[in-house]
Amino acid sequence: MKITLIFPPHWAPYQPYLSLPVLTALLRREGHSVTQRDINIECVDYFTSTAVQRDMFRKIMARLKYLRTLQNRSEEEELEMTCLSRWEGSEDIIRQARVSKEIMRDSNRFFDFDLYKLSSCALLEAYHIFGDAYFPTLLDFYYLRQKYSAYSTKGIIDAMNDPENNLYYEYFQKVTIPSLKVEQSDFYGISISGFTQMIPAMTLASMIKKNFPEAHICIGGNVVTRVGTRLLPSSPLFDFFDSIILYEGEVAIVELLKALEKNKTLESVPNIIYKNKDGKLIFNETITTPDINLLPAPDFQGLPLDKYFSPFKIASILSARGCYWNKCAFCQHRYTYRGKYRPRDIKLVIDDIESMSREGFKYFSFCDEAIPPKRLEDIARGILDRKLDIIWEAYARVDKSLDLPLAKLLFSAGCRMLSFGLESASPRLLELMSKGHNIEDFQEVLGYTSEAGIWNYAWFFTGFPSETEEEARLTVDFILRNQTKVHSATPNAVFGLEEYTDIVKNPDKYFLKEIKPIEGQDLAFVYDYTVKSGLSPEEARKLSNELCIKLLNEHKEGAAIANLSRIHQLLYVERYGNQ
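Heads up: the sequence shown begins at 27 in the numbering used here, then just goes up one per residue.
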């Protein structure tokens with residue numbers, strides 16, 4: 027069976043997302059002909075080209091000219107005119123995107139930090155030009171907000187019925203669909219990891235359905251897993267695809283393809299929602315997970331690795347699925363992975379790395395929720411035993427067994443960056459969150475990793491229920507006092523109350539007064555809420571912005587925080603060291 031796997035916009039442009047290479051490897055081993063398409067990076071490369079930037083610029087100028095002819099402009103038109111007028115006299119910027127892409131992909135010029143900053147800003151402006159051509163769209167490397175909400179079924183349908191205000195519609199129609207017609211497939215799988223991809227993914231799915239009506243279209247991914255059952259008992263979105271795979275998709279997609287090849291019903295396929303011959307949506311509630319030790323190494327063959335905004339090929343890799351701690355009050359990953367921690371055999375992990383190294387990958391990003399210290403040690407020893415010349419980064423928890431000798435071992439095996447969940451410097455909040463560490467442990471462990479030469483990245487957020495302003499400021503002050511250990515941090519994150527978390531299950535424990543769905547967002551898996559004490563959500567947002575500015579201004583690596591993606595920080599640390 028001919029299969030095309032698609033990763034749609036809108037997503038960060040620095041490295042391939044892991045879902046397609048994982049499924050591609052499995053399906054090719056099963057004997058299928060698989061084409062994997064990162065439509066996200068294809069589109070980014072297209073709209074940052076000089077020709078397209080010029081077209082977008084002309085579109086903006088034509089719209090601005092029209093707005094100025096209006097005698098009685100609405101408030102929205104006044105705002106649009108103000109936004110678009112900033113591009114007047116800036117035509118030179120449309121040529122900078124091409125050069126900036128070349129710098130991002132150049133292994134020498136990339137490490138000239140002044141050039142890097144200029145290039146990053148120029149590419150960001152290219153994104154802004156693209157967005158302003160579809161005003162009121164807002165977008166950057168990570169973020170996308172269009173006229174219509176991606177969190178609502180109605181918003182998605184409205185966007186698909188309004189091509190003029192659907193950011194990727196024209197690109198899909200002119201570029202993607204013609205390219206898919208060159209070699210048509212029997213099966214199209216679309217991986218949706220974030221809500222920034224929802225409208226583009228549904229738009230593309232509808233076009234594929236229209237142009238290839240005999241093909242089976244299946245969607246899956248993190249967001250789909252979390253919202254899929256909300257489409258029951260019926261949803262107009264199911265007009266654009268044929269099935270949904272929930273949770274981990276390896277077993278389900280193999281069984282789905284077997285059923286389709288044999289023209290059998292889908293009632294025995296696990297993990298899926300599908301439409302039966304009577305048009306009724308059926309949820310097969312038999313949930314299966316793959317044996318992680320039976321899966322092949324990710325296969326990146328066919329992806330345009332030269333188009334990403336990085337000078338080297340960077341591979342993502344999973345050494346385990348699920349979280350070995352699995353207790354944090356705010357985390358919903360236990361739902362996605364069904365609450366199970368399943369580590370892959372260390373020998374197989376090292377085999378995977380060695381296999382990808384032979385394909386030209388030197389830089390690796392572990393996507394595990396967190397790797398236990400003993401497992402980090404085993405991975406490091408495996409890398410050293412096979413004399414693999416690689417550089418890597420991973421997520422870790424603060425654990426006192428991560429001592430100085432282990433930190434030095436990790437560094438010797440190529441580890442240059444570890445990301446830790448600080449979340450807060452308040453002892454009260456750390457206990458309430460069930461983080462399992464105290465602030466003294468955090469200082470001690472990050473002191474060891476820093477001394478070993480590893481760059482420490484810290485995640486934190488503002489506005490955990492009952493957090494006070496004093497406690498929020500305490501966290502940023504802690505980071506600033508420990509700059510030699512906390513080398514960079516999340517610049518601006520605000521707490522969001524997500525379903526399937528312990529907080530939602532036990533609101534009284536977390537000082538919540540009321541929890542309610544966000545009005546008009548039937549697909550959103552975050553909630554509106556009010557608190558009995560501490561910062562309100564609005565107060566947390568305002569304070570978070572203030573603390574972000576403070577962090578950027580007072581942290582000695584503020585420039586790195588502001589201008590480098592986390593994966594680019596890894597590349598810079600490998601070149602220049604953590605001090």
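Glycine included, every Cβ here is placed at the ideal spot set by N, Cα and C.
Item	Value
Check whether Ser438 and Gly489 have beta carbons under 8 angstroms apart	no
Same chain only: Cβ atoms within 7 angstroms of Gly247, ignoring 5 sequence neighbours per side	Ser45, Ser217, Ile218 and Ser219
Three-way DSSP call (helix, strand, coil) for Gly348 in this model	coil
Given 8 angstroms, three or more beta-carbon pairs between the segment 513-530 and the segment 142-152	no
Reduced DSSP category for Met27 - H, G, I as helix; E, B as strand; rest coil	coil
Proximity below 8 angstroms, CB of Lys333 to CB of Asp71	yes
Among Ile245, Glu493, Gln469 and Ala550, nearest to Leu458 - alpha-carbon criterion	Glu493
Beta-carbon spacing of Asn319, Asp371 below 8 angstroms	yes
Contact set for Asn508: own chain, Cβ-Cβ below 8 angstroms, skip 5 residues either direction	Gln469 and Leu472
Which residues DSSP lists as bridging Cys368, in chain order	Note that residue 368 is Arg in the sequence shown, not Cys. For Arg368, which the question treats as bridged, DSSP gives the partners Arg347.
Near the ligand HEM: Arg54 beta-carbon under 7 angstroms from a heavy atom	Absence of the ligand HEM is noted for the structure shown, with no ligands found whatsoever.
Residue from Phe504, His242 and Gln199 with nearest C-alpha to Ser450	Phe504
DSSP state of Ile417 mapped onto helix, strand, coil	strand
Sufficient close CB pairs (3 or more, under 8 angstroms) joining the segment 65-80 to the segment 196-215	yes
Validate contact between the segment 383-401 and the segment 342-350 using beta carbons, cut 8 angstroms, 3 pairs	yes
Other residues of its chain near Asp132: CB distance less than 7 angstroms, five sequence neighbours each side excluded	Pro337
Distance between Asp548 and Ala51 (C-alpha atoms, nearest Å)	35 angstroms
Backbone secondary structure at Lys333 - three-state DSSP	helix
Boundaries (first-last residue) of the beta strand (DSSP E) holding Thr25	The shown model of the chain, from 27 to 605, leaves out residue 25, and the question about it has no answer.
C-beta contact flag for Ser100 and Ser126 at 8 angstroms	no
Buried versus exposed call for Arg412 [16 or more other C-beta atoms within 10 Å across all chains shown]	exposed
Sufficient close CB pairs (3 or more, under 8 angstroms) joining the segment 101-117 to the segment 33-41	no
Nearest residue (CA-CA) to Asn464, options Thr501, Phe221, Tyr483 and Glu385	Thr501
Buried versus exposed call for Ser175 [16 or more other C-beta atoms within 10 Å across all chains shown]	buried
Pro517 in three-state terms, based on DSSP	coil
DSSP beta-bridge partners of Phe486	Glu449
Proximity winner among Ser591, Glu209 and Pro259, relative to Phe167 (alpha-carbon distances)	Ser591
Nearest-angstrom Cα separation, counted from Leu193 out to Lys207	22 angstroms
Proximal residues to Ser445 (C-beta, below 6 angstroms), its chain only, five neighbours per side dropped	Tyr421 and Tyr483
In chain order, each alpha helix (DSSP H) run of at least 4 residues that lies wholly inside the segment 378-434	399-411
Backbone secondary structure at Tyr598 - three-state DSSP	helix
Three-state secondary structure (DSSP) of Val277	helix
Rounded C-alpha distance that separates Glu572 from Leu49	42 angstroms
DSSP bridge partner residues for Trp523 (one or two, in chain order)	For clarity, residue 523 is Leu in the given sequence; the question names Trp instead. Partner(s): Tyr553.
Counted within 10 angstroms of its Cβ, other Cβ atoms place Asp265 as buried (16 or more) or exposed	exposed
Lys461, DSSP secondary structure in three states	coil
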